[in-house]
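Q: Counting the sequence shown from 1 gives a position; the numbering used here is that position plus 47.
Where a beta carbon is used, it is the ideal one built from N, C-alpha and C, also for glycine.
Below are the structure tokens for one structure; questions will follow.
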Amino acid sequence: MFERTKPLTDQPAPAARAPGHDRAGDRVEIDCVLPSDLAGERFDRAAARLFTAISRSELTGWIRAGQLTLDGRAVKASTPVAGGERMRGCIERPPRFDWDTAEELAFEVVHEDGAVIVVDKPAGLVVHPGAGQPRGTLVNGLLHRFASLAVLPRAGLVHRLDKDTSGLLVVAANAESLLRLGQAMRERRVERRYLAVVEGAVDEDRTIDAPIGRHPRQRTRQAVREDGRPAVTHVRVRERFARHSFVEARLETGRTHQIRVHLAAIGHPLVGDGRYGADGRVPPGTAPDQGRRFRTFPRQALHAHHLAFAHPSRGGRMRFDSPLPQDMSELLATLREALP
48 MFERTKPLTD QPAPAARAPG HDRAGDRVEI DCVLPSDLAG ERFDRAAARL FTAISRSELT
108 GWIRAGQLTL DGRAVKASTP VAGGERMRGC IERPPRFDWD TAEELAFEVV HEDGAVIVVD
168 KPAGLVVHPG AGQPRGTLVN GLLHRFASLA VLPRAGLVHR LDKDTSGLLV VAANAESLLR
228 LGQAMRERRV ERRYLAVVEG AVDEDRTIDA PIGRHPRQRT RQAVREDGRP AVTHVRVRER
288 FARHSFVEAR LETGRTHQIR VHLAAIGHPL VGDGRYGADG RVPPGTAPDQ GRRFRTFPRQ
348 ALHAHHLAFA HPSRGGRMRF DSPLPQDMSE LLATLREALP
């Protein structure tokens with residue numbers, strides 16, 4: 048069943064030609080009309096709200112250099128916009144990681160309709176190129192299957208999953224979809240639910256409302272911090288065992304490592320997540336080979352199992368579900384067998 052939703056704005060959707068790629072680097076071409084709902088925003092903030100895949104600092108740099116203009120004029124980044132202005136820019140970026148290389152990689156496409164692509168990502172697959180992983184990522188695999196994504200910022204990525212998190216991820220197939228899905232994500236209209244096996248018996252359903260920021264000493268970790276960005280996770284207990292729990296986590300926000308950080312903060316790190324405190328505890332009464340499965344589980348036991356959002360062109364509600372992968376299913380089977 049599909050339900051209708053209202054348009055995002057009363058203006059025509061911005062038309063944008065996003066990055067083209069060549070061997071010398073990236074060329075970003077922007078040509079769009081600012082929607083009226085951005086009236087009163089600073090120019091740099093309005094640009095960042097429209098183009099979520101480009102950092103605000105990079106957009107601000109282009110504005111200051113006169114490369115990104117309003118109605119053909121170079122203005123300050125702090126200039127308030129009225130809505131209806133034409134934003135234009137053609138910027139040459141220096142060479143970056145291998146975002147434009149197509150590679151044949153194993154992952155499942157569960158939906159594709161010309162506007163939206165939904166992928167079921169396996170654990171172990173990095174989402175996009177970066178330091179230490181220049182190629183062999185989901186982005187490279189997407190470009191192999193959908194060559195048209197090469198003209199979109201970040202190949203149409205709307206959000207990310209950690210390398211060792213499996214499950215559903217939405218990708219925009221054109222510039223209009225990227226703008227609309229990015230706005231839906233910012234306005235918390237994209238529903239994302241995850242399944243996790245955690246250490247310890249979670250006593251009750253709860254909402255974790257705790258800001259998250261970079262760990263003060265370990266730069267590859269995040270932590271609950273008073274000066275962090277707002278972060279909210281809703282946790283529902285599905286099954287409770289002697290030393291573990293099977294939970295569903297619904298994201299209200301989408302901070303880096305949010306579910307991992309929040310569950311660790313309440314004393315229930317994910318099985319296999321040594322970075323956030325998992326100790327490899329074993330269910331009571333399990334055979335040695337089964338116990339080894341918990342001590343050596345090779346990833347955080349986290350799976351993005353449900354995704355729902357309004358179609359960016361048609362407006363109907365779309366819902367997708369992904370079954371628990373085999374490795375997590377085997378964890379649960381061992382826990383259920385260990386019940387008295």
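Identify whether Arg207 lies in helix, strand or coil by the three-state DSSP scheme.
A: coil
Q: Closest to Phe344 by C-alpha separation, out of Asp211, Ile259, Ala220, would be which residue?
A: Asp211
Q: Consider the Cβ of Gly203: report whether some Cβ of chain D lies at a distance smaller than 8 angstroms.
A: No chain D is part of this structure, which consists of one protein chain only.
Q: Just grab the DSSP bridge partners of Glu155 for me.
A: Per the DSSP secondary-structure output, Glu155 pairs in a beta bridge with Asp167.
Q: Strictly by DSSP, which residues pair up with Met365?
A: Phe356
Q: Can you tell me the Cβ-Cβ gap for Pro127 and Glu76, rounded? I've got them flagged as a contact below 8 angstroms.
A: That pair is no contact at about 25 angstroms.
Q: Restricting to runs no shorter than 4 residues, where is the alpha helix (DSSP H) found entirely within the segment 78-150?
A: 90-97, 103-111
Q: Taking DSSP's pairing of strands, which residues face Ala243 in a bridge?
A: Val294, Leu349
Q: Given this structure, state the Cα-to-Cα distance separating Thr381 from Tyr241, to the nearest angstrom.
A: 20 angstroms
Q: Along the chain, where does the beta strand (DSSP E) that runs through Arg285 open and close?
A: 279-287
Q: Please report the straight-line C-alpha distance between Glu372 and Arg74, rounded to a whole angstrom.
A: Inspection of the sequence shows that residue 372 is occupied by Pro rather than by Glu. Taking the straight line from one Cα to the other gives about 39 angstroms.
Q: Quick one: residues in its chain with C-beta nearer than 8 angstroms to the C-beta of Leu106, no 5 flanking neighbours on either side, listed in chain order?
A: Asp91, Ala94, Ala95, Phe98, Leu115
Q: Are the beta-carbon atoms belonging to Ala278 and His309 less than 8 angstroms from one another?
A: yes
Q: Under 8 angstroms, with one C-beta from each stretch per pair, do the segment 181-191 and the segment 269-284 reach the 3-pair mark?
A: In the pairwise beta carbon analysis, the segment 181-191 is classified as not touching the segment 269-284: fewer than three pairs are separated by under 8 angstroms.
Q: Have a look at the DSSP bridge pairing and note the partners of Val271.
A: Ile259
Q: Tell me Gln180's beta-bridge partners as DSSP assigns them.
A: Gly177
Q: Candidates Arg290, Ser360, Gly301, Glu295: which alpha carbon is nearest Asp326's?
A: Arg290
Q: Between Ala348, His158, Cys137, which lies nearest to Asp209 when the distance is taken from Cα to Cα?
A: Ala348
Q: Hey, Phe288 and Pro330: beta-carbon distance below 8 angstroms or not?
A: Less than 8 angstroms separates the beta-carbon of Phe288 from that of Pro330.
Q: Nearest-angstrom Cα distance between Leu81 and Glu132?
A: Near 6 angstroms, if we compare the C-alpha coordinates of Glu132 and Leu81.
Q: Assuming Gly130 contacts Ser83 (C-beta within less than 8 angstroms), just tell me the rounded distance between them.
A: 4 angstroms
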